[in-house]
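Q:
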DNA sequence: CACATAACTTGCTGTTTGCAAGTAATTAGG
DNA sequence: CCTAATTACTTGCAAACAGCAAGTTATGTG
């Protein structure tokens with residue numbers, strides 16, 4: 800049995816940027832958060848169909864990492880007990896500024912972006928509305 | 800000869816968040832940017848002594864990735880021609896909001912953070928001053 | 001010219017990723 | 001209630017990547 804803690808071994812230098820990257824510094828974790836924030840995704844199947852084609856074992860691993868980090872919570876769907884619902888905690892909702900800053904930078908510098916200024920505005924407004932408590 | 804393009808294979812879904820993460824979604828690239836923004840690092844040796852203990856081959860690889868992405872530029876130091884200076888481009892300076900949002904989230908949720916509110920304020924002010932053009 | 005400095009490169013080993021296939025729990029249909 | 005479908009994973013394996021140590025190249029110093 801191996802540990803499979805791909806969420807990163809803590810470097811603990813006390814730097815807050817490094818701390819964040821220890822949790823979020825990979826190619827998938829923040830895309831999962833994005834799907835929850837923008838796409839309304841909440842089940843394993845939602846994330847699998849999220850567009851970017853994440854592998855199923857990686858998804859399971861990242862969901863575990865995000866859960867362990869206190870960013871998402873896992874609950875059984877009581878109306879369909881085959882499903883589990885993943886929801887953002889307060890700590891997870893506070894990732895909105897990170898996702899938005901990544902979105903804005905990407906929109907500016909991706910030559911093939913599909914994100915028009917209107918879409919950016921709409922998404923920003925939506926996230927500011929729904930996730931600021 | 801292998802390619803060693805660890806900067807990530809583009810998924811090109813048109814999502815700006817995914818685009819940003821293709822370039823920046825690893826455990827080191829943004830720490831290098833952080834060292835340039837906050838720590839005034841500019842040479843290979845500066846980054847090696849940056850605190851987190853990056854491996855030399857990884858550093859070389861990430862500097863190449865950041866250069867290829869147009870985020871940093873490499874120039875020979877004319878006063879000491881053994882050195883190369885890495886500097887942020889405009890595109891790189893515009894990563895400030897991303898680094899700041901990671902910093903703020905990390906400062907809030909790292910139980911062992913060394914970042915006091917005063918430090919956060921000072922760094923934020925500094926970056927807003929120096930890198931907003 | 002010998003030695004030091006700065007910036008890498010190479011080789012090796014262990015870990016992580018990504019793909020394909022398989023399993024477990026729950027529910028819907030006959 | 002038995003069977004099939006749905007949902008959420010787990011496992012196995014080859015290839016890519018990370019991290020460590022050692023070696024190399026280019027430049028500067030005495």
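Residue numbers (my numbering), protein chains in the order written: chain G, 800 to 932; chain H, 800 to 932. For glycine and all other residues, C-beta sits at the position ideal for the given N, C-alpha and C. Bear in mind that the values here come from a model prediction, so they are computed numbers and not experimental data.
Count the other CB atoms, across all protein chains shown, that sit within 10 Å of the CB of residue 814(H); report buried if there are 16 or more and exposed otherwise.
A: With 16 or more Cβ atoms within 10 Å of its Cβ, residue 814(H) is classed as buried.
Q: Does any residue of chain H bring its CB to less than 8 angstroms from the CB of residue 938(G)?
A: Since the first residue shown for chain G is 800 and the last is 932, residue 938(G) is missing from the structure and cannot be characterised.
Q: Starting from the Cα of residue 896(G), find the closest Cα among 905(G), 879(G), 908(G), 927(G) and give me that residue.
A: With distances taken between Cα atoms, residue 896(G) lies closest to 927(G).
Q: Look up residue 936(H) in the DSSP assignment and say whether it is helix, strand or coil.
A: Past the edges of chain H, shown from 800 to 932, lies residue 936(H), and the structure says nothing about it.
Q: Less than 8 angstroms between the beta carbons of residue 822(G) and residue 868(G), yes or no?
A: For residue 822(G) and residue 868(G), yes; Cβs fall inside 8 angstroms.
Q: Taking the C-alpha atoms as reference points, what is the distance between residue 924(G) and residue 902(G)?
A: Near 13 angstroms, if we compare the C-alpha coordinates of residue 902(G) and residue 924(G).
Q: Report yes or no: is there a C-beta of chain H within less than 8 angstroms of the C-beta of residue 890(G)?
A: Yes, contact with chain H.
Q: Out of curiosity, what's the CA-to-CA distance linking residue 873(H) and residue 904(H)?
A: Distance between the alpha carbons of residue 873(H) and residue 904(H) is about 31 angstroms.
Q: Could you tell me the alpha carbon to alpha carbon distance between residue 827(G) and residue 884(H), rounded to whole angstroms?
A: So the two alpha carbons sit approximately 32 angstroms from each other.
Q: Do residue 911(H) and residue 811(G) have their CB atoms nearer than 8 angstroms?
A: Closer than 8 angstroms, so yes.
Q: Would DSSP call residue 855(G) helix, strand or coil?
A: Residue state, collapsed to three classes: helix.
Q: Which ranges does the alpha helix (DSSP H) cover as unbroken runs of at least 4 residues, wholly within the region 867-919 of chain H, from first to last along the chain?
A: Within the region 867-919 of chain H, the complete alpha helix (DSSP H) runs of at least 4 residues are 889-892, 895-908.
Q: May I have the straight-line CA-CA distance separating residue 802(H) from residue 839(G), to the nearest angstrom?
A: Confidence at residue 802(H) is low in this model, with a pLDDT of 43, below 50, so the placement of that residue should be treated as unreliable; the coordinate-derived value is given next. Each residue's Cα considered, the two are about 38 angstroms apart.
Q: By how many angstroms is the C-alpha of residue 871(H) removed from the C-alpha of residue 843(H)?
A: Roughly 13 angstroms between the two C-alpha positions.
Q: Near residue 849(G), which residues of its chain fall below 8 angstroms by C-beta distance, leaving aside the five closest residues on each side in sequence?
A: Excluding sequence neighbours, residue 849(G) sits near 830, 831, 834, 838, 840.
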